[in-house]
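Residue numbers (my numbering), protein chains in the order written: chain F, 1 to 510; chain U, 1 to 510; chain A, 1 to 510; chain W, 1 to 510. Take a look at the structure set out below.
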């Protein structure tokens with residue numbers, strides 16, 4: 001089904017328990033802050049119903065029904081490239097928020113269900129595919145909840161001292177389903193979603209087996225409490241906030257995050273995709289990480305393009321575009337932006353195959369490289385654009401001052417830049433940068449979709465160390481290189497060449 | 001005179017024209033935002049009147065009168081060390097804001113007045129010393145205004161296209177004084193100051209000579225309009241804002257900055273310390289830069305100590321304090337903090353002497369190194385502490401949620417860290433970090449008291465290239481090293497040693 | 001023609017004037033140092049004659065003759081991918097040195113010849129294609145000479161003070177050809193090549209038009225003197241040098257570089273591809289840079305794989321492979337290595353089209369990103385591997401000590417690492433690292449195929465600033481974004497969404 | 001006693017067992033390579049006998065005898081400043097190599113002997129002071145041996161698998177002394193020293209107590225074998241090598257290092273300063289580290305000054321000195337150089353007091369900061385100077401070419417730089433840089449006197465975390481800050497200020 005915006009809005013009036021800034025929210029669609037998030041949610045349905053974007057976002061399922069493309073399973077490199085395209089184009093409009101965490105959670109669940117079913121004889125594939133059918137027919141908005149609140153980071157889930165709920169766990173196993181408790185933190189787009197897929201955020205050992213749990217549930221289930229985060233800007237978006245905070249007035253990072261508390265929530269068995277198979281926690285965590293970091297890269301493409309462009313504009317507005325050090329800074333920004341695009345594209349072109357399942361996963365190494373690329377450089381990029389912009393990014397003029405007719409003539413006169421550039425254009429670029437380099441972006445770039453350390457871990461996990469080591473052994477003349485078939489197959493052409501060389505003339509003094 | 005807090009508060013009701021958030025401010029001492037800045041101003045007078053700090057902050061002038069120590073001229077290394085101490089201790093309480101920009105402006109003006117008087121036969125020393133007497137007897141709060149609005153950064157002041165007022169300039173020279181026009185931007189503590197010292201921010205050539213102007217004026221002079229900056233947090237500081245923003249609720253960076261517009265302001269000759277001596281603009285800009293960067297370093301000592309400490313606390317609260325990579329990150333923070341302290345102290349111990357004037361200036365090279373040390377590393381420090389803190393720094397719980405009895409039990413339970421640490425302690429440390437790593441700190445660390453490029457320029461200007469090059473020539477065997485006396489004086493002890501060595505045994509195969 | 005090794009060796013006995021270490025060289029194929037370079041040259045012909053590699057390296061030209069694939073013109077993305085493959089595989093054996101500089105010079109010359117002919121009516125395409133035919137039929141080894149000796153870098157070629165030959169120039173124009181003078185520096189593989197393509201290294205203005213010159217010449221032409229560079233290791237490669245310097249004993253970077261002096265060398269017109277068309281100097285410099293940086297990336301693939309592998313081996317040999325900080329360092333190395341591979345591959349997949357000429361050029365932005373990737377990180381990689389290896393990389397045991405039966409038992413006993421690893425394996429890995437992180441690699445990584453600054457310049461040149469700026473304007477609400485068609489075409493879906501939203505509930509306190 | 005050069009040279013003919021490049025050395029003073037090291041050793045005695053340097057290097061001991069100043073115990077900040085001065089000035093001439101490792105070993109042994117004697121009732125102070133008397137009367141050259149060969153770095157000394165001698169240990173305890181076995185690696189200046197102080201390189205636990213051993217021994221003791229390292233340049237220093245390698249021809253890093261093998265060496269009790277007190281291994285390792293890193297900083301002062309100077313010369317010779325990015329690079333180098341000097345000076349001014357012993361130790365935090373400063377930046381500095389120098393640093397012209405009259409005119413003409421600079425000056429500066437940025441310097445800067453990780457560890461160990469945390473708690477409003485006296489003593493002046501403020505005017509809309 002291709003859901004309409006109206007159907008979507010109606011679906012959110014579902015009795016959920018949600019707080020914002022200490023107040024209970026009656027209706028997320030009319031709440032001054034949360035409506036910004038909901039508006040972003042609407043975009044997902046605008047796109048599928050729009051004649052221009054329909055081809056990208058709508059696909060036919062096996063029954064020939066029109067469904068949201070992102071609810072289909074990626075089977076080829078082309079599917080991943082289309083997914084990447086959908087994520088990038090959707091992100092330009094602040095959309096796909098309801099079709100990214102959940103989509104990636106479903107994809108990861110399917111991959112690991114296949115592995116569990118074949119190794120352990122479970123029937124999780126059936127559960128996952130049942131959910132896919134449900135989603136294709138309802139086109140519900142779904143988030144994915146991975147990060148637990150964690151308690152003492154130095155202790156395993158089952159070893160926590162104060163209580164056992166620092167990681168979401170199976171508190172009870174019943175005939176019809178499981179009962180789960182725990183809390184997940186900074187789960188994006190939750191106020192605007194209908195459902196959530198919950199999955200573990202770490203590797204487990206056997207004592208932690210109750211924490212090896214994957215399931216989906218509607219967000220209005222009994223026992224669920226949502227606490228939404230501090231808004232980036234207070235109150236409703238108005239002409240003033242659009243001028244002062246052009247990014248946050250549209251979709252503040254702060255607005256969309258939620259803490260989700262599970263207080264003995266019942267989940268029927270058919271909604272469960274893992275329940276105790278602790279040996280596969282790492283698989284699900286890594287698979288979700290890889291799928292979702294591809295999304296992170298896509299989301300950042302417009303953000304980095306915009307930041308690079310604003311930096312170029314500010315260089316021009318300030319009359320600095322001819323200076324070599326400014327050009328170098330702009331060049332460096334373009335380098336980061338284009339690397340992000342090229343490597344994330346390569347990650348789709350050269351996917352990892354999930355052979356038995358006839359599925360593909362974005363290339364683990366390349367996806368993590370692309371994510372690390374922008375995350376590791378974001379703070380530096382912030383520094384660079386602040387440097388080009390000048391000190392005024394720290395204390396730019398407000399809309400209120402600009403609109404006051406007594407102050408306006410002074411501001412018009414004194415805050416101009418290069419001749420020919422209207423002062424207001426310059427001020428808007430500066431306000432954009434203030435908003436774009438706010439603390440939330442820096443910490444979000446690092447932590448969202450996995451910390452830098454998470455990518456490092458994946459580099460180590462995904463790299464082909466046997467090949468590197470065999471090549472190195474051969475290069476250094478260390479025996480054992482021929483244990484790797486690819487390197488063993490390489491003949492010693494150098495020896496062949498040596499034979500052809502004439503004898504040495506020993507008369508030189510060298 | 002040692003001014004009382006009461007005298008100070010009364011002095012601010014002086015009819016000045018000042019705007020905040022688009023509204024004209026009637027009285028800065030009662031305005032919800034600006035009173036935070038004024039409260040910081042009060043601290044300057046609390047310190048001089050406090051029995052514990054009096055010894056540090058009060059000195060006797062040549063007439064034997066008690067005066068604020070910072071209004072005396074630094075003549076020795078000890079004076080600079082005491083000044084550094086006063087800046088650091090005052091900054092711990094959010095004070096010395098009224099005795100730093102102005103103090104450094106006065107010191108720089110005195111140094112350059114000496115140079116101009118001796119080279120050009122002017123009598124600027126007299127003007128500066130007259131002002132010092134005025135300040136010693138009134139203890140007025142004084143800011144220093146250096147950064148112009150600049151217009152097209154690629155053009156010299158006199159070559160600007162749209163108008164000639166992008167840099168403050170002498171618009172008219174009259175019998176009794178000068179008339180100035182232009183605008184200065186992000187001038188700290190202005191709403192809480194009585195007076196301002198204005199000085200140029202760049203080097204000038206002869207065509208720019210009207211821009212070579214240094215003077216002081218009361219802030220309520222006719223023709224001055226003040227536009228104060230966007231507050232870091234809106235509204236009055238309350239229990240809620242203290243909990244949510246423990247730094248900004250005390251002294252938001254955003255609160256204290258002002259744009260100062262000079263619309264044909266008259267300045268009597270005795271208030272003028274430079275008027276057209278364009279050859280000395282660089283001297284005044286560099287001298288103020290050096291004095292004021294020492295202040296910047298002092299202001300950052302408590303800030304960096306606090307940030308390092310909070311990072312150590314968060315490591316502990318999260319149960320991470322035993323991990324090697326966390327210890328490395330903490331070690332790196334301690335390294336930056338202690339380098340800042342040691343190098344700024346060395347800058348006072350080994351000052352540059354202003355010989356004829358019997359004055360000292362903080363060591364130019366070392367002061368700039370210390371400033372660069374924290375400014376260049378601040379974004380990285382931000383990244384490091386965000387990394388240790390975890391993703392929750394991006395969306396921490398608000399006071400409003402914490403105080404809601406329905407939400408509180410969930411928050412108490414789930415947001416705990418290591419056993420034994422109250423959840424609220426952990427939340428407060430996180431809120432502190434959110435506040436401390438906000439965008440304003442990053443851009444402030446770079447731009448306030450001069451951009452990174454400004455310090456680079458000073459490294460290049462202050463380094464003893466002749467010595468480096470002479471040493472290098474000698475090391476590389478390039479003639480000309482003996483043109484530098486210190487290097488010429490170094491004898492060739494190696495040759496002496498060679499003579500003592502026995503002959504070589506040539507039987508080895510090496 | 002597919003040349004044999006024997007034919008190649010014979011061709012080098014051509015009477016050329018070449019010096020090594022201050023001695024005139026009689027025959028490069030028998031000189032103790034230069035034979036290492038010649039041996040590398042032989043590899044080019046071993047590969048084309050080898051049954052396993054023939055398919056990769058041999059192609060058919062339009063006449064159906066077997067020719068070296070690298071002498072054909074790249075017309076499609078597939079051609080570039082094959083070229084990349086040939087460069088990588090050849091580099092694994094120390095080959096393609098005679099088919100890279102020249103190949104890239106020919107490709108760049110062809111592209112720019114097309115532009116000149118169509119804009120200026122010249123007939124350079126004919127000259128280039130004539131040379132291609134010659135090369136396809138002789139399969140001569142060709143180097144490319146770009147870097148001039150430059151003199152005062154602050155002055156243009158024609159403004160040099162001491163003499164006019166700091167950049168190669170047309171000293172005379174005659175009926176049958178031109179006479180050139182000047183000198184090129186660090187021209188790789190020259191001792192082993194038959195011919196050289198000479199091209200400019202910089203942009204020119206009209207006064208420099210005599211410096212806008214592109215041509216080819218045999219290296220034994222009258223007036224050419226070659227001075228080959230200091231060898232990385234002295235003397236002939238022996239069992240000792242292979243043990244001590246496993247890389248340099250095969251193909252020392254130092255061995256292959258030459259200074260080529262042109263002392264009034266005559267070049268017939270048909271060998272000339274540019275002669276005074278100064279407006280196209282930049283085109284040829286940039287085109288060659290892009291083609292040749294793709295080669296640089298390919299050459300570095302095996303080098304980075306080997307270095308990453310040796311680091312992994314050393315971690316293991318030292319018993320350190322389980323430590324998190326060691327894994328992070330290895331992960332970072334793998335990241336750089338795989339980024340280099342992925343981005344250089346993308347550069348071939350998304351080439352820039354030279355439309356009228358039916359040719360392709362590797363993607364300028366991506367090629368430069370890939371080159372910068374390893375060049376900017378090479379010194380850091382060096383630091384990382386030295387760190388993992390331990391201090392012994394600074395002073396490893398020599399072959400001579402290892403082979404001395406009195407020392408051997410001590411060395412066997414004490415220089416072991418983890419149990420089970422033969423001491424000699426560990427020592428060989430350390431010797432490899434000493435060789436691989438030698439200064440020549442660091443400076444080579446930066447300067448060969450263009451300095452870091454050269455890539456920065458290309459980022460700035462190649463980036464699509466209009467698109468970035470238009471996107472940024474739209475994001476910041478600055479008019480003018482609709483001047484870019486791609487951005488203009490993006491509709492305001494946000495407004496559409498806004499219409500669908502219900503009215504706001506104003507009863508909240510947010 | 002103030003030893004003469006002649007006495008010193010004679011003392012080295014002592015029957016020691018030493019190998020170089022696989023050959024047994026008959027006499028270190030006449031061996032082509034090792035005489036370079038011995039010549040450096042002579043410098044120590046030239047300095048004490050030179051009228052100009054005598055005052056710095058000669059002191060009176062308590063008996064009024066003239067002794068080498070560095071053999072006296074540092075008791076005050078002034079002593080440390082003089083020691084620093086002696087280290088820096090001596091290093092300018094390649095001296096103090098025989099009075100640095102040993103001197104620092106003696107100082108560290110004395111500090112820890114005091115701690116052991118007072119806690120455990122041992123009498124190690126007596127042993128140490130006996131040795132000091134011996135040294136003051138003989139002025140022997142002494143090295144310090146800390147780094148063990150280590151075997152499997154993942155295992156403790158006593159847990160090594162292959163054998164127990166990977167760390168030097170007490171193999172037997174006898175009536176008159178101990179018998180030690182093991183091997184130490186890269187021990188500087190050994191061929192030119194008479195004696196060695198041996199100390200542990202790591203923390204120990206009780207099972208490792210036989211490895212907790214500190215002692216001194218003459219280097220010709222029975223059972224000691226020395227294997228000296230691969231020379232940086234082969235053969236004797238000649239006019240050619242001085243031209244080509246101006247640093248290494250004087251004192252190659254590679255020449256002076258030794259592996260010292262202890263094969264059941266007997267050490268009498270009075271030479272032993274620790275024997276089994278495993279709880280104090282960390283103390284001795286850290287104390288030696290701190291003392292010796294101060295030396296490392298001093299040694300690097302001339303090296304960094306020279307490198308900075310050569311970079312400035314090359315900028316000038318290449319005609320690049322006016323370019324902003326070149327000035328920035330030079331400025332950065334000056335920054336590193338001067339930071340190193342200022343922080344190492346501060347480390348002496350604010351020493352750590354060893355209270356009971358009436359001794360001082362260089363400030364641990366600051367010494368490690370200074371060492372880290374240059375070590376962490378050395379590879380980057382290398383990159384920067386190579387960048388300024390240009391590609392020719394990779395393959396500079398050799399002396400042999402320069403001296404060949406056929407090549408010379410070409411080289412004179414083409415390798416010139418800015419007009420007015422003789423070509424040979426430019427070539428010498430380039431050769432200096434090739435030598436100065438060689439791999440050995442990079443790895444030496446990191447590993448000598450302790451890896452980067454070692455300084456990180458010390459930052460963590462030395463930082464005053466309690467103070468940082470207490471300040472942070474106070475800043476964030478977290479209870480417990482008053483447990484630290486310095487922070488507890490800070491009153492809440494902010495509250496005092498608040499009382500003085502007038503009430504708020506609530507009529508504003510902010």
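C-beta: ideal position from N, C-alpha, C; glycine also. Being a predicted model, the structure only gives us computed values, none of them experimental.
| Query | Result |
| --- | --- |
| Chain A contacts from the region 297–327 of chain U (Cβ-Cβ distance under 8 Å) | 323, 324 and 325 |
| Local Cβ density within 10 Å of residue 341 (chain W), reported as buried at 16 or more and exposed below that | buried |
| Any C-beta of chain W under 8 Å from that of residue 292 (chain U) | no |
| Nearest-angstrom Cα separation, counted from residue 300 (chain F) out to residue 79 (chain U) | 52 Å |
| Chain-ordered neighbours of residue 62 (chain W) on chain U, where CB pairs are closer than 8 Å | Neighbours of residue 62 (chain W) on chain U: none; closest Cβ ~30 Å, over 8 Å. |
| Under 7 Å by beta carbon: chain F residues contacting residue 28 (chain U) | None at all; the shortest Cβ gap to chain F is about 17 Å. |
| Where the beta strand (DSSP E) containing residue 522 (chain W) begins and where it ends | The structure shown does not extend to residue 522 (chain W), since chain W is modelled only from 1 through 510, so no value can be given for it. |
| Within-8 Å CB hit, residue 388 (chain F) to chain U | no |
| Proximal residues of chain W, C-beta to C-beta of residue 415 (chain U) below 7 Å | The premise fails here: residue 415 (chain U) is roughly 15 Å from chain W at the closest Cβ pair, so nothing lies under 7 Å. |
| Under 8 Å between C-beta atoms of residue 333 (chain W) and residue 393 (chain W) | no |
| Distance between beta carbons of residue 98 (chain A) and residue 189 (chain A), contact taken as under 8 Å | 6 Å |
| CA nearest to the CA of residue 66 (chain A), picked from A:74, A:54, A:77 and A:73 | A:54 |
| Buried or exposed by the 16-neighbour rule on C-beta atoms within 10 Å, applied to residue 338 (chain A) | buried |
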